[in-house]
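Visitor: Sharing a structure with you now.
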Amino acid sequence: MRLRSLLYVPASAERFVAKAHERGADAVILDLEDSVEEGSKDAARAALAVAVPHVAQNGAKAYVRVNVGPRMGDDARAAVAAGAQGLVLPKADSASAVNALLAELGDADDETIDILAIIEDAVGLLEARQVAGHPRVLAVSLGAEDFATSTGAEPVPEVLKLPKLMVHYAAKAEGKLSLGMLRSIADFDDSDGLVAAAKEAARFGFDGSSCIHPKVVPVLNEAFSPSEAAVARARQIVAAAKDAAAAGTGAFLLDGEFIDLPVLNRAKAVLAKVGEAS
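Going by the numbering used here, the sequence shown opens with residue 196, and the numbers climb by one from there.
Below, the structure is given as structure tokens:
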């Protein structure tokens with residue numbers, strides 16, 4: 196599954212919901228949590244019945260970020276009833292937090308609902324692999340702003356890089372998607388910085404990132420997609436490896452580059468990202 200870009204939209208903001216399906220994001224996250232003030236949360240949940248199918252009409256995944264605590268069950272059940280394909284769970288500090296969400300779904304859980312877990316404090320960071328290893332978790336990320344607040348830190352890149360990478364490697368260790376950049380997504384007006392950060396995250400192996408402004412969506416889609424040159428080179432490597440294998444050769448040189456199994460596997464991964472079998 197490709198989740199290069201996940202656009203947060205407050206479920207209570209009709210004018211943002213109305214155009215969310217036009218933004219080109221791989222997923223739209225209808226938010227019931229931080230971006231919705233307390234007095235509007237019930238109305239935002241009720242709006243999911245219309246908002247979920249609306250944001251998904253151009254093929255984007257429709258996800259809903261629920262509140263934790265007393266509202267979680269009602270939020271989750273309303274999201275699933277509206278047709279959401281996944282739930283975004285904030286404050287995921289253990290596998291038990293995921294189990295609690297699934298328990299709230301009860302009979303509404305048909306086991307096809309994706310769970311995207313957000314780690315937001317030091318406890319969750321140290322349990323990141325346990326969270327990522329939950330069989331229902333599709334992807335894991337670090338909530339930069341909440342993590343910084345909970346640890347008394349500033350949400351600046353040099354502070355966030357280590358915890359972001361810890362969550363990233365926990366996700367990879369469990370074969371799950373890793374979402375995020377090595378900085379906060381809050382400063383969406385820093386265009387050059389966002390481009391550089393998205394490219395950096397892709398080099399580290401992140402699969403995509405969320406964003407809070409639609410202008411960031413094309414930046415993420417480009418950064419987390421292999422270039423045409425990379426795809427063409429991957430095709431060459433895979434084809435040459437097949438010829439070499441037929442001749443009984445393992446490692447070989449291709450245009451001066453040493454090709455062995457790790458290089459071949461990276462080439463296959465590039466092709467998988469664009470939906471090509473290898």
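Here a beta-carbon is modelled for each residue, glycine too, at the ideal position from N, C-alpha and C.
Leaving out five residues on either side along the sequence, give the residues of the same chain with a beta carbon under 6 Å from the beta carbon of A477.
Guide: Shown here, the chain extends from 196 to 473; a query on residue 477 therefore has no answer.
Visitor: Per the DSSP calculation, S405 is bridged to which residue(s)?
Guide: Its beta-bridge partners are L201.
Visitor: Is there at least one Cβ from chain B nearer than 7 Å to R461's Cβ?
Guide: Checking the listed chains, one finds no chain B in this structure; it contains a single protein chain.
Visitor: In this structure, how does DSSP classify S291 when only helix, strand and coil are distinguished?
Guide: When DSSP states are grouped into helix, strand and coil, S291 belongs to the helix group.
Visitor: Return the chain-ordered ranges of every alpha helix (DSSP H) run that is complete within the region 216-276 and spans a minimum of 4 residues.
Guide: 236-241, 243-250
Visitor: Bridge partners for L374 per DSSP, in chain order?
Guide: S336, G403
Visitor: Roughly how many whole angstroms lie between the Cα atoms of A241 and A295?
Guide: 22 Å
Visitor: Just mark K437 as buried or exposed, buried being the case when its beta carbon has 16 or more other beta carbons within 10 Å.
Guide: exposed
Visitor: Are K359 and L377 close, meaning C-beta to C-beta below 7 Å?
Guide: Yes, these two residues count as a Cβ contact at 7 Å.
Visitor: Note down the Cα distance separating S291 from A472, rounded to an integer number of angstroms.
Guide: 37 Å
Visitor: Does the contact criterion of 3 or more C-beta pairs under 8 Å hold for the region 302-315 versus the region 267-277?
Guide: By the C-beta criterion, the region 302-315 is judged to be in contact with the region 267-277, since at least 3 inter-stretch pairs fall below 8 Å.
Visitor: Assign E452 to one of three DSSP states: helix, strand, or coil.
Guide: strand
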